[in-house]
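For reference, the structure is listed below as C-alpha cells.
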Amino acid sequence: MALIHPASAGHGLNLQSGGNILIWFGLTWSLELYQQTVARLWRQGQSAETVVVQHIITAGTIDEDVMKALANKDMTQSRLIAAVKARVTHGR
Numbered sequence: 013m014a015l016i017h018p019a020s021a022g023h024g025l026n027l028q029s030g031g032n033i034l035i036w037f038g039l040t041w042s043l044e045l046y047q048q049t050v051a052r053l054w055r056q057g058q059s060a061e062t063v064v065v066q067h068i069i070t071a072g073t074i075d076e077d078v079m080k081a082l083a084n085k086d087m088t089q090s091r092l093i094a095a096v097k098a099r100v101t102h103g104r
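The opening position of the sequence shown corresponds to residue 13 in the numbering used here, with each subsequent residue numbered one higher.
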C-alpha cells in the first residue's frame, strides 16, 4: 500500500508492477492529472490482470461536482479527438 499525491504520482511514477487498486479520496479537477495517475497502474507490463479504481464520494459534496466535471471533460476530449481523426482520415 502506498499513500501518494496525484500531482506526484501522475508523472514519472510507475506502479504497474506493484499495485492494481487505486482509491481516490480527494479528487483533482484536472482531467490530465486524473488520467495520468490512473495510467500509472494501467500500463504495459503490469503484473495484475485487472486494475480497480474506486472513488470515495460523499453525497451532496463538491466531490460529486468534480466527478461530473471530469466526466464532461473526458467526453469533450473524446469528441474532439474523434473529430480530428475524422477530418484527417476523410480530409474534411
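Glycine included, every Cβ here is placed at the ideal spot set by N, Cα and C. Every value quoted in this text rests on a predicted model; they were computed, and no experiment measured them.
What does a CB cutoff of less than 6 Å around residue i pick up in its chain, not counting 5 residues either side in sequence?
| i | result |
| --- | --- |
| residue 34 | 53 and 65 |
Take residue i and list the residues in its own chain whose beta-carbon comes closer than 8 Å to its own, dropping the five residues that flank it on each side.
| i | result |
| --- | --- |
| residue 85 | 43 |
Anyone know if the C-beta pair for residue i and residue j falls short of 8 Å?
| i | j | result |
| --- | --- | --- |
| residue 17 | residue 39 | no |
| residue 32 | residue 63 | yes |
| residue 15 | residue 46 | no |
| residue 69 | residue 76 | yes |
DSSP three-state call for residue i: helix, strand or coil?
| i | result |
| --- | --- |
| residue 16 | coil |
| residue 69 | coil |
| residue 92 | helix |
Keeping to the same chain, check which residues put their C-beta closer than 7 Å to that of residue i; ignore five residues upstream and five downstream.
| i | result |
| --- | --- |
| residue 50 | 34 and 65 |
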